[in-house]
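Chains as they are written, first to last, in my numbering: chain E, 1 to 384; chain F, 385 to 768.
Presented below is the structure to which this report refers.
2 protein chains.
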Amino acid sequence: MMNFEYCNPVRILFGKGEITKLGELIDKSLRVMMIYGGGSIKKNSVYDQVIKALSNHTVTEFSGIEPNPQYDTCMKAVDIVKNDGIGFLLAVGGGSVLDATKFIAAAALYKDGDPWDILLKQTPVKEALPLGDVMTLPATGSEMNPGSVISRVETNQKLFFGSPAVYPKFSILDPETTFTLPPRQTINGIVDAYIHVVEQYLTFPANAPLQDRLCESIMLTLIEEGPRVLKDPNNYDARANIMWAATCALNGFISLGVPQDWATHLIGHEITAEYGLDHAQTLAIVLPGTMQVQRDKKKEKLLQYAERVFGITSGSEDKRIDAAIARTEEFFRSVGQKTKLSEYDIGPEACDVIAKRIGMFPFKLGEQQDIGEEKTREVLKLRV
Amino acid sequence: MMNFEYCNPVRILFGKGEITKLGELIDKSLRVMMIYGGGSIKKNSVYDQVIKALSNHTVTEFSGIEPNPQYDTCMKAVDIVKNDGIGFLLAVGGGSVLDATKFIAAAALYKDGDPWDILLKQTPVKEALPLGDVMTLPATGSEMNPGSVISRVETNQKLFFGSPAVYPKFSILDPETTFTLPPRQTINGIVDAYIHVVEQYLTFPANAPLQDRLCESIMLTLIEEGPRVLKDPNNYDARANIMWAATCALNGFISLGVPQDWATHLIGHEITAEYGLDHAQTLAIVLPGTMQVQRDKKKEKLLQYAERVFGITSGSEDKRIDAAIARTEEFFRSVGQKTKLSEYDIGPEACDVIAKRIGMFPFKLGEQQDIGEEKTREVLKLRV
Chain E
1 MMNFEYCNPV RILFGKGEIT KLGELIDKSL RVMMIYGGGS IKKNSVYDQV
51 IKALSNHTVT EFSGIEPNPQ YDTCMKAVDI VKNDGIGFLL AVGGGSVLDA
101 TKFIAAAALY KDGDPWDILL KQTPVKEALP LGDVMTLPAT GSEMNPGSVI
151 SRVETNQKLF FGSPAVYPKF SILDPETTFT LPPRQTINGI VDAYIHVVEQ
201 YLTFPANAPL QDRLCESIML TLIEEGPRVL KDPNNYDARA NIMWAATCAL
251 NGFISLGVPQ DWATHLIGHE ITAEYGLDHA QTLAIVLPGT MQVQRDKKKE
301 KLLQYAERVF GITSGSEDKR IDAAIARTEE FFRSVGQKTK LSEYDIGPEA
351 CDVIAKRIGM FPFKLGEQQD IGEEKTREVL KLRV
Chain F
385 MMNFEYCNPV RILFGKGEIT KLGELIDKSL RVMMIYGGGS IKKNSVYDQV
435 IKALSNHTVT EFSGIEPNPQ YDTCMKAVDI VKNDGIGFLL AVGGGSVLDA
485 TKFIAAAALY KDGDPWDILL KQTPVKEALP LGDVMTLPAT GSEMNPGSVI
535 SRVETNQKLF FGSPAVYPKF SILDPETTFT LPPRQTINGI VDAYIHVVEQ
585 YLTFPANAPL QDRLCESIML TLIEEGPRVL KDPNNYDARA NIMWAATCAL
635 NGFISLGVPQ DWATHLIGHE ITAEYGLDHA QTLAIVLPGT MQVQRDKKKE
685 KLLQYAERVF GITSGSEDKR IDAAIARTEE FFRSVGQKTK LSEYDIGPEA
735 CDVIAKRIGM FPFKLGEQQD IGEEKTREVL KLRV
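Shown next as structure tokens:
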């Protein structure tokens, strides 16, 4: 096990009815900006629950955060935050809304020049406005981590930043808010959470058997509960299990002291930036390719994954690895996720386009730091 | 899954060499009280590492914290804390030293009368001195939770308190500090951590498959790594895995949204108070008895435990449960822990003595709240 540091101060309030506690969680002396997306929260009563819980607060609303939240939209919110003396940001929605809120919180107090540098140059974020969230889409884990991904349409970029200053003060997770999610978002969430775990698990052994098993626990839960929730969207327990699994998949706990990959994510980000696919759609395309191309370097973990997650114990090592990769793709397809570029009408030229984008990175990807332009092309040629 | 709230602000620094960071973790303007036990830290270099790391701090030492830390000893420390204007408490040792430090931190700022009421009457602890620790004995999980158990010899009591105010600000876990632990303490630690998990797992199903699997992950890790560490005490990875598993066993994460038992612990506490056995020694005696007596009410979880932890899948339900209980006891014995009262020269009269003590509790024990005097007698009669 490698050395590690961990401190996760997020207060989680999990379960039905927890939104009613919102008023007690935010200092009444602070003006609140309520940040949300396209208005689905107005259809499913979440908006009403939040407004009711904040009836003793002064609330400014800011809506219109996009999936793959845009830098320009965030900066409009930053202007209002500064002009209106906003003291607390409340994200109501999914990972995109929360990621945007984290960036707004950091940019509002950023004093070192252009806030775009937070993303482009990774200039450290030392302070941020306090923020909290009502999370309505189990997927990204953003509700219990200090990371955020922001896109900029004019430059075709999708970039990450992270800082302890943007940990939410609290995250309210009420599984009932997810009953009305469109299937596409439920599916994306399941796939996204699953692949978050894979990125932290499928590397090389680091003598960390507990962390391995925690990862397998989350994957097995998603494999079991995913189909349940798709068949029966109002099943509280299945929704709750998916929701908590998605949070645990990326709150930092399962990756303590072990190597991490994230190549699939970084290749996926480029596909989203270039072709506009949903984040999780890109991941389900890319992952079987990275597993295949990196199969020798990931051999021990792939064999463990085959056995413990899918019960594959017979056949040669190569056959077991083939089966594990096939079962992974089958799982995505079984919950309704497509897994090939052509299924989104993207032609084979994409392999080259995306490979060249990855080739421009100042570093190579993966836990082996060996995935550049050529290997990306190889990965994507398997996924046309 | 039941509703839950969770916030664990402890900063963990895990790995070899992390003690050198101690000086940066404590504000230099605060006078530090370094609290430890019987002096084993002077034999294994931990004392020297701590003193070196705090060379720019003003440090007062307080040693002599007992296993099952005593109220009177803690109150002596409280006097010094008040007289010397101590601003930060640093526990260096195992769970007993840390539990004592938590109580000292709370008692030093307690203004509502006799600090004994914190334990006896469970009066709320609203504030406490800040504290941190260098944890040298993986066992209790105290390094990442807000609980503490204190004993009082004159009244023969062993009592618990908990408060978010006594979460450590940081916990340094260096597996190398555990290389020189006497086997008895290593064994106690493994058994204690294992039974912490059992108390949070072996109840009734609550539709929380992820929490179940997290528990099984920790138990499997302890079963695998326990024998390794006993055979090869200087095996860094095995020590590290035991250490992290013990922390994860009682940092509150695995019990979110599920029922908990703790009958074995409460019966065990009475055995320690009456006969002076080590905490984990009492647990290894009691657990097979509570499993047996509660086997019908715990049936579903016992069958799951049999299958997933010990791979027991054949035979009738009763046979599988018998086998799971037997394998649990075998595991304790395989790491060198005794499991019967008579092995500690305690006669069968103990069944009655302890049962009567439990009968005086103002509540019944266990997740079913059905274990009182009679059932405790039944449990212990199986363990003579």
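Backbone N, C-alpha and C define an ideal beta-carbon position, used for all residues, glycine too.
Secondary structure within the segment 190 to 253 of chain E: the alpha helix (DSSP H) runs of 4 or more consecutive residues, fully enclosed, are 209 to 231, 236 to 249 (chain order). Here the alpha carbon of Phe62(E) sits roughly 25 Å from the alpha carbon of Thr247(E).
Contact holds between the segment 511 to 523 of chain F and the segment 615 to 634 of chain F, because three or more Cβ pairs, one in each stretch, are under 8 Å apart. If you look at Met135(E), you'll find it isn't in any alpha helix (DSSP H); it sits in the beta strand (DSSP E) that goes 131 to 135. Counting only residues of its own chain and dropping the five nearest sequence neighbours on each side, Val197(E) has a CB closer than 6 Å to the CB of Cys215, Ile218, Met219, Ala249. The residue among Gln541(F), Pro514(F), Thr539(F) with its C-alpha nearest the C-alpha of Lys553(F) is Pro514(F).
Neighbours of Ser601(F) in chain E, taken as residues whose beta carbon is under 7 Å from its own, are Leu210, Arg213, Leu214, Ser217 in chain order. Leu222(E) has its alpha-carbon roughly 15 Å from the corresponding atom of Pro233(E). DSSP, reduced to helix, strand and coil, places Phe103(E) within a helical segment of the structure shown. Of the residues assessed, Arg767(F) falls on the buried side of the cut-off, its CB having 16 or more other CB atoms within 10 angstroms.
Under the three-pair Cβ rule at 8 Å, the segment 710 to 726 of chain F does not count as touching the segment 638 to 651 of chain F.
Neighbours of Ala577(F) in chain E, taken as residues whose beta carbon is under 9 Å from its own, are absent, since the nearest beta carbon is some 11 Å off. When the Cα atoms are used, Ile755(F) and Phe745(F) turn out to be separated by approximately 10 Å.
By the rule that beta-carbons nearer than 7 Å mark a contact, Ile12(E) touches chain F. Excluding the 5 residues flanking it on each side, Arg679(F) has same chain C-beta neighbours closer than 8 Å at Leu686, Ile705, Ile709, in chain order.
The CB of Pro589(F) never comes closer than 9 Å to any CB in chain E; the least such distance is about 10 Å.
Within the segment 231 to 244 of chain E, Asp237, Ala240, Asn241, Trp244 place their CB atoms closer than 7 Å to a CB of chain F, listed in sequence order. Secondary structure of Leu181(E) (DSSP, three-state): coil. Exclusion of the five residues before and after Ile12(E) leaves Met144, Ser171, Leu173 as the residues of its chain whose Cβ lies within less than 7 Å of its Cβ. Between Glu654(F) and Ile742(F) a beta carbon distance of about 6 Å is seen, short of the 8 Å cut, so the two are scored as contacting. Excluding sequence positions up to five before and after Glu757(F), its CB lies within less than 8 Å of the CB of Ala739, Lys740, Ile742, Gly743, all in the same chain and listed in chain order. Inclusion of Asp483(F) and Ser526(F) in the CB contact set at 7 Å is warranted, their separation being smaller than that value. In the structure shown, the three-state DSSP call for Leu661(F) is coil.
Annotated three-state conformation of Ile556(F) is strand, per DSSP. For Val50(E) and Ile19(E), the gap between their C-alpha atoms comes out near 7 Å. For the 7 Å CB-CB criterion, Ala263(E) and Thr282(E) do not form a contact. Contact between Ala512(F) and Ala490(F) holds: CB atoms are separated by about 4 Å, below the 8 Å threshold. Within the segment 436 to 498 of chain F, the complete alpha helix (DSSP H) segments of 4 residues or longer fall at 455 to 468, 479 to 492, listed in chain order. Each residue's CA atom was taken as its position, placing Leu503(F) and Ala734(F) some 25 Å apart. Close CB contacts of Lys298(E) within its chain, under the 8 Å cut and outside five residues either way in sequence, are with Leu202, Thr203, Phe204, Met291 (chain order).
Within the same chain, and ignoring the five residues on either side of Leu109(E) in sequence, the residues whose Cβ sits closer than 7 Å to its Cβ are Glu127, Ala128, Leu129.
Counting of Cβ neighbours within 10 angstroms places Asp576(F) among the buried residues, the total reaching 16 or more.
Residue environment: Asn440(F) is assigned as exposed (fewer than 16 neighbouring CB atoms within 10 Å of its CB, all protein chains considered).
In the same chain as Phe179(E), and ignoring 5 residues on each side of it, the C-beta atoms closer than 7 Å to its own belong to Pro233, Asn234, Arg239, in chain order.
Around the C-beta of Met417(F), 16 or more other C-beta atoms lie within 10 Å, and the residue is accordingly described as buried.
Bridge partners of Leu13(E) according to DSSP: Ile172(E), Glu389(F).
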